[in-house]
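The listed protein sequences correspond, in order, to chains X and H.
Under the working numbering, the first residue of the first sequence is numbered 3, with each subsequent residue one higher.
Under the working numbering, the first residue of the second sequence is numbered 29, with each subsequent residue one higher.
Ideal Cβ positions, reconstructed from N, Cα and C, are used throughout, including at glycine.
From a predicted model like this one, the values you see are computed outputs, not experimental measurements.
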Amino acid sequence: GENVEQHPSTLSVQEGDSAVIKCTYSDSASNYFPWYKQELGKGPQLIIDIRSNVGEKKDQRIAVTLNKTAKHFSLHITETQPEDSAVYFCAATRQAAGNKLTFGGGTRVLVKP
Amino acid sequence: EAGVAQSPRYKIIEKRQSVAFWCNPISGHATLYWYQQILGQGPKLLIQFQNNGVVDDSQLPKDRFSAERLKGVDSTLKIQPAKLEDSAVYLCASSQLTGTYNEQFFGPGTRLTVL
Numbered sequence: 003g004e005n006v007e008q009h010p011s012t013l014s015v016q017e018g019d020s021a022v023i024k025c026t027y028s029d030s031a032s033n034y035f036p037w038y039k040q041e042l043g044k045g046p047q048l049i050i051d052i053r054s055n056v057g058e059k060k061d062q063r064i065a066v067t068l069n070k071t072a073k074h075f076s077l078h079i080t081e082t083q084p085e086d087s088a089v090y091f092c093a094a095t096r097q098a099a100g101n102k103l104t105f106g107g108g109t110r111v112l113v114k115p
Numbered sequence: 029e030a031g032v033a034q035s036p037r038y039k040i041i042e043k044r045q046s047v048a049f050w051c052n053p054i055s056g057h058a059t060l061y062w063y064q065q066i067l068g069q070g071p072k073l074l075i076q077f078q079n080n081g082v083v084d085d086s087q088l089p090k091d092r093f094s095a096e097r098l099k100g101v102d103s104t105l106k107i108q109p110a111k112l113e114d115s116a117v118y119l120c121a122s123s124q125l126t127g128t129y130n131e132q133f134f135g136p137g138t139r140l141t142v143l
């Protein structure tokens, strides 16, 4: 089955700096890669996703890149703000799996004001 | 639009006791998921329903865990008997369809502590 590795496990940045989280996946058939943000006491919330036919996607201050050859994808947050502090999860799936997601281990991001 | 509802939010039990969690998905969502999230880890899928049928329960410890989704709406997840290693947050999620990339919407979760 699919295996998703996520690094780093914790990340501390100064407000206004950029944050980068990296994930690798094992199943070359995976073709959909969402990113979730989880705040304390809440369930994960989708913030951005990318499909295998696209190399990069951007939404305001967040962007995701995908390298299918290397089987890795990354989340980039620019101009970080205190409200970006949360745990971020990457995930991967392939359509044949019926929308079953395999999650990475998570990255705890702390934005220091 | 109301989100995914779960109850209770917190539960503390002793090992070998039983516990049940309830989930009400977003109205109209045919697919419902139960995930287990151990502290410091990502969510792990336990079971997936399409309407009231099971799509995937390959990672559900069937000797102690059971789940049902009567009438294709609400769902309950039960643990009997509980073990210490069952301490985790149990997340319920729902989405409109399987076979496509529809977004999964998560509830707030139930935090279970087994003493």
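Item                                                                                                                                        : Value
What separation, rounded to the nearest whole angstrom, lies between the Cα atoms of Q16/X and S87/X?                                       : 11 Å
Give the secondary structure of D166/X by DSSP, where H, G and I count as helix, E and B as strand, and everything else as coil.            : Nothing can be reported for residue 166/X, as the shown portion of chain X is limited to 3 through 115.
Flag this pair as yes or no: are the beta carbons of K39/X and I49/X separated by less than 7 Å?                                            : yes
Along chain X, which residues have their Cβ under 8 Å away from the Cβ of N130/H?                                                           : N101
With Q132/H and G107/X assumed to form a contact (beta carbons below 8 Å), what rounded beta-carbon distance in angstroms separates them?   : Between G107/X and Q132/H the Cβ distance is about 18 Å, and since that is not below 8 Å, they are no contact.
At what residues does the beta strand (DSSP E) containing K43/H begin and finish?                                                           : Unbroken run through K43/H: none, as it is neither H nor E.
Taking DSSP as the reference, what is the three-state secondary structure of D91/H?                                                         : coil
Let me confirm a value: D19/X is counted as buried when at least 16 other C-beta atoms fall within 10 Å, else exposed. Which label applies? : exposed
Smallest Cα separation from P109/H: which of I41/H, P36/H, R37/H and Q34/H?                                                                 : I41/H
Could you tell me which of T59/H, L140/H, I54/H and P53/H sits nearest to K106/H, measuring between CA atoms?                               : L140/H
Opposite L140/H in the DSSP bridges: which residues?                                                                                        : K39/H and A116/H
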